[in-house]
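S.K.: I have a structure I would like to understand better, so I am pasting it below and will then ask my questions one at a time.
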Amino acid sequence: LADSKFPHEIPNSFEFAQIQVEKLALIIAKVKNGMKTMKNIGYMEILDSGASGAVNFVLGLSGKDVGVAYKERVDHGIYAVSVRGSKSCKIHLGKIVNVLANDLGGSGGGHDKACGAVIPKPKIQTFLKEFNKKLNWVLKLEFYYFVSIMASISVIEFNGKLDTPTAILECFPISPNIS
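The working numbering puts the first residue of the sequence shown at 831, with every later residue one more than the last.
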């Protein structure tokens, strides 16, 4: 393809594609069999491929809004962790991972829906449990924040008359998302 050729003009392109499909099918099968879940995350230790590739399958197959895949780096005594959030995930995962990884003696961070970390080997289970707890805490906080806004604005007089909470919310630049 780099030489501006069509796939059928490249020697062994069908065989190469077939090998890649078989590798993906094997990863999917391993994720289905080895993945675990907590309340807010799907997670899995990856043994024979990259965590950053497998994490998307963990996310997609777990039914959770957050997927975590991690792979041991034996020569360094750490785990390389990849985290992905679904489209419906409203939490900035990179910020949470940054704070948690640093608290555990590692490092991490990234974007709102795609981030990673390096976690010391003995602390990987703590990372998973604490990450799940922090997600639960943020989700509860967002819910209570939203409920308190709705309760407050339901009694606000708007343009001289009571209006629906939805109409009032549209007028305020307030977001229930916690940054």
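Don't be surprised by glycine CBs; every beta carbon is placed ideally from N, CA and C. Note that the structure is a prediction, hence the values are computed from the model and not measured.
Under the DSSP definition of a beta bridge, which residues are partnered with K866?
M.R.: What you label residue 866 is simply residue 36 of the sequence shown in a count that begins at 1. Partner(s): Y873.
S.K.: Per the DSSP calculation, E852 is bridged to which residue(s)?
M.R.: By 1-based counting over the sequence shown, the position of residue 852 is 22. For E852, which the question treats as bridged, DSSP gives no partner whatsoever.
S.K.: State the beta-bridge partners of G938 as determined by DSSP.
M.R.: Residue numbering aside, residue 938 sits at position 108 when the sequence shown is read from its first letter. Looking at the DSSP assignment, G938 forms a beta bridge with A947.
S.K.: Sort out for me which residues DSSP pairs E902 with in a bridge.
M.R.: Walking along the sequence shown from the start, residue 902 turns up at place 72. E902 pairs with Y909.
S.K.: Does F1002 pass the burial test, meaning 16 or more other C-beta atoms within 10 Å, or should it be called exposed?
M.R.: Counting from 1 along the sequence shown, the entry for residue 1002 is found at position 172. Note on F1002: pLDDT 39, under 50, position unreliable in the model; the coordinate value appears next. Its Cβ having fewer than 16 others within 10 Å, F1002 is exposed.
S.K.: Since V885 sits in a beta bridge, which residues does DSSP pair it with?
M.R.: Counted from its first residue, the sequence shown places residue 885 at position 55. DSSP lists no partner for V885.
S.K.: Report the rounded CA-to-CA distance for N966 versus G897, giving the unit in angstroms.
M.R.: Stepping through the sequence shown from its first residue, residue 966 is reached at position 136. Stepping through the sequence shown from its first residue, residue 897 is reached at position 67. About 14 Å.
S.K.: Considering only C-alpha positions, which residue in the set I858, K917, K920, Q955 is nearest to A931?
M.R.: Start at 1 with the first residue of the sequence shown, and residue 931 comes out as number 101. Checking every option, the nearest Cα to that of A931 belongs to Q955.
S.K.: So, are the CB atoms of C945 and V968 less than 9 Å apart?
M.R.: Here residue 945 corresponds to residue number 115 of the sequence shown, with the count starting at 1. Here residue 968 corresponds to residue number 138 of the sequence shown, with the count starting at 1. No, these two residues do not count as a Cβ contact at 9 Å.
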